[in-house]
Amino acid sequence: MKWSQAYIPTLRDDPAEAELISHKLLMRAGYIRKVTAGVYNYLPLMQRVLQKITNIVREEMDRSGALEITMPVLHPAEVWQASGRWDVIGREQMRLQDRHNRWLCLGATHEEIVTDLIKGELQSYRQLPKNLYQIQVKFRDEIRPRFGLMRGREFIMKDAYTFDRDEKSQEKSYQNMVDAYFRAFERCGFEIRKVEGDTGAMGGTGAHEFMVIVDTDGGESTIYYCDSCDYAATDEKAGFREHGETSDEEMLEREEVHTPGMKTIEEVTGYLKLPAKKLVKTLLYRADDEVVAALIRGDRNINEVKLVNYLGCNNLEMADEQTVMKLTGADVGFAGPYELKDVRLVVDHEVKGLRNFVTGANKTDYHFLNVNHPRDFKFHETVDLKMAEAGERCPRCENGKLKSDRGIEVGNTFKLGTKYSSSLGANFIDEDGNEKPFIMGSYGIGITRTAQAAVERFNDKDGIIWPKAIAPYGIIIIYTNSSDDKQIELAERLYMELRGKGIEVLLDDRDERAGVKFKDADLIGIPLKVVVGERGMKEGIVEVKIRNTGEAHKVNITEAVEGIIRIFEKVD
Ligand SMILES: [Zn+2]
Numbered sequence: 095m096k097w098s099q100a101y102i103p104t105l106r107d108d109p110a111e112a113e114l115i116s117h118k119l120l121m122r123a124g125y126i127r128k129v130t131a132g133v134y135n136y137l138p139l140m141q142r143v144l145q146k147i148t149n150i151v152r153e154e155m156d157r158s159g160a161l162e163i164t165m166p167v168l169h170p171a172e173v174w175q176a177s178g179r180w181d182v183i184g185r186e187q188m189r190l191q192d193r194h195n196r197w198l199c200l201g202a203t204h205e206e207i208v209t210d211l212i213k214g215e216l217q218s219y220r221q222l223p224k225n226l227y228q229i230q231v232k233f234r235d236e237i238r239p240r241f242g243l244m245r246g247r248e249f250i251m252k253d254a255y256t257f258d259r260d261e262k263s264q265e266k267s268y269q270n271m272v273d274a275y276f277r278a279f280e281r282c283g284f285e286i287r288k289v290e291g292d293t294g295a296m297g298g299t300g301a302h303e304f305m306v307i308v309d310t311d312g313g314e315s316t317i318y319y320c321d322s323c324d325y326a327a328t329d330e331k332a333g334f335r336e337h338g339e340t341s342d343e344e345m346l347e348r349e350e351v352h353t354p355g356m357k358t359i360e361e362v363t364g365y366l367k368l369p370a371k372k373l374v375k376t377l378l379y380r381a382d383d384e385v386v387a388a389l390i391r392g393d394r395n396i397n398e399v400k401l402v403n404y405l406g407c408n409n410l411e412m413a414d415e416q417t418v419m420k421l422t423g424a425d426v427g428f429a430g431p432y433e434l435k436d437v438r439l440v441v442d443h444e445v446k447g448l449r450n451f452v453t454g455a456n457k458t459d460y461h462f463l464n465v466n467h468p469r470d471f472k473f474h475e476t477v478d479l480k481m482a483e484a485g486e487r488c489p490r491c492e493n494g495k496l497k498s499d500r501g502i503e504v505g506n507t508f509k510l511g512t513k514y515s516s517s518l519g520a521n522f523i524d525e526d527g528n529e530k531p532f533i534m535g536s537y538g539i540g541i542t543r544t545a546q547a548a549v550e551r552f553n554d555k556d557g558i559i560w561p562k563a564i565a566p567y568g569i570i571i572i573y574t575n576s577s578d579d580k581q582i583e584l585a586e587r588l589y590m591e592l593r594g595k596g597i598e599v600l601l602d603d604r605d606e607r608a609g610v611k612f613k614d615a616d617l618i619g620i621p622l623k624v625v626v627g628e629r630g631m632k633e634g635i636v637e638v639k640i641r642n643t644g645e646a647h648k649v650n651i652t653e654a655v656e657g658i659i660r661i662f663e664k665v666d
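What the sequence shown shows, in this note's numbering, is residues 95 to 666, in sequence order.
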């Protein structure tokens, strides 16, 4: 492609609304343009990148034995109601009504549609296992779409669904997909980390997320991993080995203390000169129609996903000021378990072993010292509600310690069990003649997300550094003086000959200063730059520069094509 005929609208400045480096670069380098919140045009360079990622993913899916299909974007409400998810997913689902006032939605995932498809068509164990996949646009009505393609409302995904007769076969299908994911991401140029994830609204019995580790703000997820075994999990999922300490202090008299205006842990513990772990937070939530108080040590952060999973609720939000006032008789910040009525207490394990701790007094501007259970309050439900922390002990092995990293989720895998096959009545006949529901799995790769994750992972101050496998073009040729016919002639010849060898080449034939061309080449991130310049012409050489290492070579004009290809083959 010649730049003069291409459509690469590079920008000089960062767009105001972009926070992440990858979002800024994709805008500035002319890859994407915003249409409305969370919805983008993919321009020609982006289209090429997406095509390459798609091809790699498709090849690895096909190699794994999965079969490609295309399911609709538009789904009838009925199948989602049948699975029970119409109410669970709620506002994240894009919904619309047709001219007959029938409800439809735009798919964010296709478990319902694919289960409905095979229902009655796959009938015998002999037809199993089956793996059906598609690569298609998806929709999710994010509360706050941002970060470019990272948290968009419309995006492209590969989603696959497996159907197996039993757990053993399902385990094989699952591992088969995990292997395909490692191959696909490695081919895209990524190192990927597989971590245990929460099953969330998918339901089911187990899940993994595939993360690109980054050290930028783009690392939206924290993951914890063990420094001595292979335990790794998302922050939503991660646990750690609890210390199980039980205090043997004498129970002291409960005492009310005046703590005017002190609502935060820091304020209260600073004022009382106590460590945060001597305080117990009482967090009031509305969980569907119920009010729940979660009790957790003052130095810990609550993991709301663990609370949701324990309660089995669809919606969890902090109770509003009015509810807190009604239940505790106090402003927010002074809640405690003592004489707290009409509220279900859910208590973190660590609180069990504490003695003489501090809680809110259910009275504005007051706390209690020396609160103890079961003397001052009773509870029946203890559960792990804690966020993991680096430095805590590994939950799996004996001596390991947890470490943390930041990552971008680019893929996920779920063991769904029979959740969808049972609710939608999708059964097969097994060897013994019995009718059984399919054991299912579901597997996603974010194609658009992977593209942006690559930019977040691979960039420098000058722009994007694409891994060769997913770069829009492999080589860019620049001539520095557009009024020098000899330069143009040589550049055009190299362009034709390299293309003839099957290499994707961009020729910067614009009537621009050399500096502008160099800047743009770095910005759009082409792996190899070939420069036909004044000095080189005199010396009979072209300069070749590798984008990701900065390594420069001189190649004789007489054997330029072979020399360039030799260097290009070594580029990652
Ligand atoms: Zn470990």
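Even for Gly, the Cβ is constructed at its ideal location relative to N, Cα and C.
In the structure shown, what three-state DSSP assignment does residue i receive?
{"i": "Arg391", "result": "strand"}
{"i": "Pro170", "result": "strand"}
{"i": "Phe662", "result": "helix"}
{"i": "Asn506", "result": "strand"}
{"i": "Tyr134", "result": "strand"}
{"i": "Met188", "result": "strand"}
{"i": "Glu229", "result": "Residue identity differs from the one stated: residue 229 is Ile in this sequence, not Glu. Strand, per DSSP."}
{"i": "Trp197", "result": "strand"}
{"i": "Arg629", "result": "helix"}
{"i": "Asn149", "result": "helix"}
{"i": "Val385", "result": "strand"}
{"i": "Asn397", "result": "coil"}
{"i": "Asp210", "result": "helix"}
{"i": "Ile651", "result": "helix"}
{"i": "Tyr537", "result": "strand"}
{"i": "Met481", "result": "coil"}
{"i": "Arg234", "result": "coil"}
{"i": "Thr376", "result": "strand"}
{"i": "Glu550", "result": "helix"}
Grab me the residues of residue i's own chain with a C-beta within less than 8 Å of its C-beta, minus the 5 sequence neighbours each way, in chain order.
{"i": "Leu222", "result": "Leu216, Phe257, Asp258, Arg259, Ser263, Phe522 and Phe532"}
{"i": "Val418", "result": "Leu378, Ala424, Asp425, Val426 and Ala429"}
If I measure Cβ to Cβ from residue i and keep anything under 6 Å in the same chain, skipping five residues before and after, which residues do I get?
{"i": "Val625", "result": "Ile572 and Glu637"}
{"i": "Ile189", "result": "According to the sequence provided, residue 189 is Arg. The question's Ile does not apply to it. Excluding positions up to five away in sequence, the list reads Cys199."}
{"i": "Thr458", "result": "Ala424, Asp425 and Phe428"}
{"i": "Lys96", "result": "Leu601 and Asp603"}
{"i": "Arg394", "result": "Lys480"}
Please indicate yes or no: does the CB of residue i lie closer than 8 Å to some heavy atom of ligand 1?
{"i": "Ile490", "result": "Note that residue 490 is Arg in the sequence shown, not Ile. Yes, since a heavy atom of ligand 1 falls inside the 8 Å radius drawn around the Cβ of Arg490."}
{"i": "Gly609", "result": "no"}
{"i": "Cys323", "result": "yes"}
{"i": "Cys282", "result": "no"}
{"i": "Gly333", "result": "no"}
{"i": "Gly485", "result": "no"}
{"i": "Gly494", "result": "yes"}
{"i": "Cys407", "result": "no"}
{"i": "Cys199", "result": "no"}
Between the beta-carbon of residue i and the beta-carbon of residue j, is there less than 9 Å?
{"i": "Asn642", "j": "Val610", "result": "no"}
{"i": "Glu82", "j": "Val655", "result": "Because the chain spans 95 through 666 in this model, residue 82 falls outside it and cannot be assessed."}
{"i": "Cys282", "j": "Cys488", "result": "no"}
{"i": "Phe304", "j": "Asn506", "result": "yes"}
{"i": "Leu377", "j": "Met345", "result": "no"}
{"i": "Val143", "j": "Ile569", "result": "no"}
{"i": "Tyr275", "j": "Gly535", "result": "no"}
{"i": "Val437", "j": "Leu463", "result": "no"}
{"i": "Ser177", "j": "Thr209", "result": "yes"}
{"i": "Glu206", "j": "Arg179", "result": "yes"}
Provide the residue span of the alpha helix (DSSP H) that contains residue i, from first to last.
{"i": "Cys320", "result": "No alpha helix (DSSP H) contains Cys320, which is instead part of the beta strand (DSSP E) from Ser315 to Cys320."}
{"i": "Lys420", "result": "Glu415 to Thr422"}
{"i": "Ala278", "result": "Glu261 to Cys282"}
{"i": "Ile359", "result": "Ile359 to Leu366"}
{"i": "His474", "result": "Unbroken run through His474: none, as it is neither H nor E."}
{"i": "Ala585", "result": "Asp579 to Gly594"}
{"i": "Tyr514", "result": "Lys513 to Ser517"}
What residue range does the beta strand (DSSP E) around residue i cover?
{"i": "Asp258", "result": "Glu248 to Asp258"}
{"i": "Asp614", "result": "Not the beta strand (DSSP E): Asp614 falls in the alpha helix (DSSP H), residues Ala608 to Ile618."}
{"i": "Glu637", "result": "Ile635 to Ile640"}
{"i": "Val440", "result": "Arg438 to Asp442"}
{"i": "His117", "result": "Note, His117: premise wrong, no beta strand (DSSP E); alpha helix (DSSP H) at Ile115 to Arg122."}
Grab me the residues of residue i's own chain with a C-beta within less than 7 Å of its C-beta, minus the 5 sequence neighbours each way, in chain order.
{"i": "Glu550", "result": "Leu114, Ile115, Ser116, Val308, Thr310, Gly312 and Ile502"}
Would the C-beta of residue i count as close to ligand 3, meaning under 8 Å from any of its heavy atoms?
{"i": "Val549", "result": "Ligand 3 is not among the ligands present in this structure, which contains only ligand 1."}
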